[in-house]
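For the sequence shown, the residue numbers in the working numbering are 1 to 256.
Notes for the one structure printed next.
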Amino acid sequence: MAIDNLIDPKAQPVRVATGFRFTEGPVFSRRGYLLFTDIPNNRILKWEEGELTTFRENSNGANGLTFDHQGRLLVCEMGKVTRTEKDGSVTVLASGGIERANDLVYAIDGSIYFTDPAKSRIYQIQRDGKARVAAEDCTGPNGVALSPTQQKLYVADSRQRVLRVYDIAPGGDLGKGRVFAECRGDGLKTDEAGNVWVASEGGLWVFDPSGTRLGIVSTPEQPSNCNWGGGFRGLYITARTSVYFIRTKVPGTRTY
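The following block contains the structure:
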């Protein structure tokens, strides 16, 4: 598949917000707003219909974000992973032995996978709420994403400059990771066709399900992460001081 089948070659990222120090963790709510983190400023921001507000101050180094099936916000923080309840209270889902949770993905069965590059670990929070180490063979686990079938887990190993893929067994156990593609990736997402979109050098690198690179979607600033929005037919991209949006031809994978 050519990259032109996934995105219009004339499409350009549109800047939707700027003036930050380092943006990360974009996630688009089904209620129509975008959340993302500004890590050095220690806050989570909300962008809705062109209006920018602060969702949470003193965010404890919040990085990766996602939602669960109830629309509750899941946050990677310093030393823990939390869930923001509907009433605004915060529940700690995992802590102890975690140095800095980096990125996470919510699975349809209710479990959560997240990375801690400082400990070279990939964790799983099981449906019963227990957290466990799922893999330790990835030296610098960073961004994480599920395949459309949720039978594979993709992880950016930033230290080794590769993307790894893990088969997911019933119950959530991970098989031994194998190299999927050469790429110094950060955040990543998949689309419904199984392609993998990775924030990397110069823009979003796009790989087909076999690991063949289809091309690069250039961005004005170095991207850190991306996530689907706009009816799951476009990507919000966090990139240094700004957030961008670009329309795609292929819909994104829904995990919440």
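Using N, Cα and C, we set each Cβ at its ideal position, and we do this for glycine too.
- request: Identify which residue in N41, G97, G88 and N142 has its Cα closest to the Cα of F114.
  value: Within the sequence shown, the letter at position 114 stands for residue 114. The option with the nearest alpha carbon to F114 is N142.
- request: Assuming N195 and F207 form a contact by the criterion Cβ under 8 Å, report the distance between their Cβ atoms to the nearest whole angstrom.
  value: Position 195 of the sequence shown, counting from 1, holds the residue named residue 195. Position 207 of the sequence shown, counting from 1, holds the residue named residue 207. At roughly 6 Å, the Cβ-Cβ gap stays under 8 Å, so N195 and F207 are in contact.
field: Exposure label - R178; buried when at least 16 CB within 10 Å
entry: Position 178 of the sequence shown holds residue 178. Classification for R178: exposed.
query: How would you call T149, buried or exposed, if buried means at least 16 neighbouring beta carbons within 10 angstroms?
result: Numbered from 1 along the sequence shown, position 149 holds the residue referred to as residue 149. Exposed.
Contact set for V81: own chain, Cβ-Cβ below 6 Å, skip 5 residues either direction: Working through the sequence shown from its first residue, we reach residue 81 at position 81. Within the same chain, V81 has close Cβ partners L93, A94, A101 and F114.
message: Can you tell me whether Q124 is buried or exposed? The criterion is at least 16 other CB atoms within 10 Å of its CB, across all chains shown.
response: Start at 1 with the first residue of the sequence shown, and residue 124 comes out as number 124. Flag for Q124 reads buried.
field: Limits of the beta strand (DSSP E) - the one that E57 falls within
entry: Your numbering for residue 57 matches position 57 in the sequence shown. E57 -> beta strand (DSSP E) spans E51 to E57.
message: Taking the beta strand (DSSP E) that E216 belongs to, which residues open and close that run?
response: Mapped onto the sequence shown, residue 216 falls at position 216. Sequence check: residue 216 is Ile here, not Glu. Its beta strand (DSSP E) spans residues R213 to S218.
K152 - DSSP class collapsed to helix/strand/coil: The count along the sequence shown starts at 1 and reaches residue 152 at position 152. Strand.
- request: Enumerate in chain order the residues of its own chain whose CB-to-CB distance from I98 is below 8 Å, with the five nearest sequence positions on each side excluded.
  value: Working through the sequence shown from its first residue, we reach residue 98 at position 98. Hits under 8 Å: G79, K80, V81, D116, K119 and Y123.
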